[in-house]
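Numbering (our numbering), first residue to last: 2 to 384. Note that CB positions come from ideal geometry on N, CA and C, so glycine has one too. Here the structure is a predicted model, which is why all the values come from computation and not from measurement. Below is one structure, written out as C-alpha cells, with a few remarks after it.
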C-alpha cells in the first residue's frame, strides 16, 4: 500500500502543479520532463505513458524525484567525459538550452550536447534531425565522435549506496560475532541476517556444490544474493533507480558467474564439451555443448533483467490508465491492480535473488563435478 501511494504521488505530482489549459474542461494534463507530454490533435496535451515508463526504468545523468520540467525536484550528478582534449568534468545541472532548444554545455572550449541522455561533441550546426554535426570543407556531413562516458549516473549512485549498505551490514554483523561469539543467540541485525546467511550457505551452496568444496564460494554467493535482493527492494520505491532492471548490470553479474564457473571447472567438464560421446556425433554435439557454456549465464542475465524491468513497466502502466481514460472512475480499479502487482513484486524481489544465486551455485557445482569414476565404472560394467 505504501509503494502504491508513493507511485501514485510520483506520477500525479506534475498534474497537481499545473493549471487547467482549457476552462471548459475539468481535467488537467501532465507535463513531465523529457517530453513525457505530447500535444493531442485537439490542441490539448496528453500523457505519454510509454515515455514515463521508460524514463523510470532507464539510467540518467541526474536523479529526478518528482515534478515536471518547470518545477522538478532533482539533484545533479557528476558528468565525467574522456575526450580527445583530455578529461572533462562538470555537473549535469550545467546543461542549459541554447537558441535551438537543445541542452548544451560549454567546457574548456568544447561544446557538448545532452541528446536523449547521451553526451556528444557538437559544432554550431545542426542537421534536420536536431543532432549537432560537423561539416567538411566540401559540405559533407560528418558524425561527431562521442566521448567515453565515465559519469556517476543514477544507477552508479545506487550501486555505491548498495555497496555501503552491504559493508555496513556485514561488518557490523562480524563485529557482533567477535564480541558475543557464534554460539550465543543473535541480536539486532544478526537475528535478521543470520537466517538468510545460513540459508544461502546450507540450502544453496552446500546442496548444489557440495563435496566440501562449497565453502570458498559462499562469500561470492552471499554477495550476489544480497546485492540483487537489496537493489530489487530499493527498485520498488518510485524515486529510486532501476539497477537490477538494467541489462548492463545483469550482464556483469552473468559474466562474473561465467568466469567463476569455468575457472573452477574440472577436466571432465571440458572433456564433455570438446570430446563428447559418442564420437560419431562429435561434429554435432561439440558446438551444442560449447553454446551451452554461454547460454546458461545468458539466461541468468535475461531472466533477472526481464522480470524486474517488466514489473516496473506494468506498475506504471496500471497507474497510467487513470490518465489515459481521463476519468477518476477508473482509479479504484487501477490502484487495486497496482497494489496486487506491488505485493507480487515484493515476492519477485526475493524470488529473483534466490533463483540467480541458486542457478549460479548449480552451474558451479555441475562444472566442478568429476565423472571420471562413473565413466570408468560404466566401461568396466560394459566389458
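Endpoints, the alpha helix (DSSP H) within which residue i is located
{"i": "residue 261", "result": "248-264"}
{"i": "residue 334", "result": "332-369"}
{"i": "residue 304", "result": "283-326"}
{"i": "residue 227", "result": "219-236"}
{"i": "residue 274", "result": "268-275"}
{"i": "residue 385", "result": "Residue 385 cannot be examined here, being either before or after the span of the chain that is shown, 2 to 384."}
{"i": "residue 51", "result": "50-58"}
Nearest candidate by alpha-carbon position, reference residue i, set the options
{"i": "residue 97", "options": "360, 90, 89, 107", "result": "107"}
{"i": "residue 151", "options": "79, 175, 194", "result": "79"}
{"i": "residue 55", "options": "352, 205, 341, 313", "result": "313"}
{"i": "residue 120", "options": "156, 149, 263", "result": "149"}
{"i": "residue 247", "options": "329, 113, 295, 310", "result": "310"}
{"i": "residue 166", "options": "301, 177, 230", "result": "230"}
{"i": "residue 361", "options": "320, 173, 298, 293", "result": "298"}
{"i": "residue 319", "options": "341, 301, 168", "result": "341"}
{"i": "residue 90", "options": "74, 113, 73, 172", "result": "113"}
{"i": "residue 85", "options": "289, 94, 110, 73", "result": "110"}
{"i": "residue 175", "options": "256, 94, 192", "result": "192"}
{"i": "residue 259", "options": "300, 212, 321, 74", "result": "300"}
{"i": "residue 366", "options": "217, 180, 73, 94", "result": "217"}
{"i": "residue 49", "options": "294, 223, 327, 339", "result": "327"}
{"i": "residue 1", "options": "317, 169, 296, 219", "result": "The structure shown does not extend to residue 1, since the chain spans only 2 to 384, so no value can be given for it."}
{"i": "residue 257", "options": "329, 99, 364", "result": "364"}
{"i": "residue 209", "options": "58, 356, 57", "result": "356"}
{"i": "residue 162", "options": "235, 219, 278, 224", "result": "235"}
{"i": "residue 255", "options": "279, 275, 222", "result": "222"}
{"i": "residue 171", "options": "73, 220, 276, 74", "result": "220"}
{"i": "residue 419", "options": "239, 325, 169", "result": "Residue 419 lies beyond the stretch modelled for the chain, which goes from 2 to 384, so this question has no answer here."}
Sequence-distant residues of the same chain with beta carbon closer than 7 Å to residue i, five excluded per side
{"i": "residue 226", "result": "201, 354, 358"}
{"i": "residue 233", "result": "245, 309, 350, 353, 354"}
{"i": "residue 83", "result": "148, 149, 151"}
{"i": "residue 173", "result": "190"}
{"i": "residue 160", "result": "244"}
{"i": "residue 215", "result": "206, 207"}
{"i": "residue 27", "result": "Low confidence applies here, because residue 27 scores a pLDDT of 35, under 50, leaving its location unreliable; read the following figure in that light. Closer than 7 Å at the Cβ level, and outside the excluded window around residue 27, lies no residue."}
{"i": "residue 291", "result": "274"}
Start and end residues, beta strand (DSSP E) containing residue i
{"i": "residue 83", "result": "79-84"}
{"i": "residue 65", "result": "63-67"}
Nonlocal neighbours in the same chain, by C-beta distance under 8 Å from residue i, ignoring five residues either side
{"i": "residue 368", "result": "262, 263, 265, 266, 267, 270"}
{"i": "residue 237", "result": "4, 343, 346, 347, 350"}
{"i": "residue 189", "result": "177"}
{"i": "residue 315", "result": "342"}
{"i": "residue 155", "result": "60, 61, 62, 63, 64, 78, 242"}
{"i": "residue 211", "result": "366"}
{"i": "residue 92", "result": "77, 78, 79, 80"}
{"i": "residue 295", "result": "259"}
For residue i, the residue or residues it bridges with in DSSP
{"i": "residue 90", "result": "81"}
{"i": "residue 157", "result": "DSSP, once it has assigned bridges, lists no residue as partnering residue 157."}
{"i": "residue 75", "result": "65"}
{"i": "residue 111", "result": "108"}
{"i": "residue 149", "result": "83"}
{"i": "residue 215", "result": "In the DSSP output, where bridge partners are listed per residue, residue 215 has none listed."}
{"i": "residue 98", "result": "104"}
Spatial neighbours of residue i in its chain, beta-carbon cut-off 6 Å, leaving aside the 5 residues before and after
{"i": "residue 76", "result": "64"}
{"i": "residue 115", "result": "96, 104"}
{"i": "residue 42", "result": "Only weak support is given to the placement of residue 42: the predicted model assigns it a pLDDT of 47, under 50, and the value that follows is read from those uncertain coordinates. Excluding residues within five positions, none has a Cβ falling inside 6 Å."}
{"i": "residue 44", "result": "With a pLDDT of 49 at residue 44, under the threshold of 50, the modelled position of that residue is not reliable, and the figure given next carries that caveat. Cβ within range, chain order: n/a, list empty."}
{"i": "residue 187", "result": "195"}
{"i": "residue 321", "result": "50"}
{"i": "residue 94", "result": "77"}
{"i": "residue 370", "result": "none"}
Residue-level contact to chain C via CB, residue i, 7 Å cutoff
{"i": "residue 89", "result": "You won't find chain C in this structure, because it holds only one protein chain."}
With a cut-off of 8 Å, do at least 3 Cβ pairs link the stretch 331-342 to the stretch 272-285?
-> A contact is defined here as three or more CB-CB pairs under 8 Å, and the stretch 331-342 fails this definition with respect to the stretch 272-285.
Notebook entry, point to check: Does the stretch 250-257 touch the stretch 290-306, meaning 3 or more C-beta pairs lie closer than 8 Å?
Noted result: Enough Cβ pairs lie closer than 8 Å, so yes.
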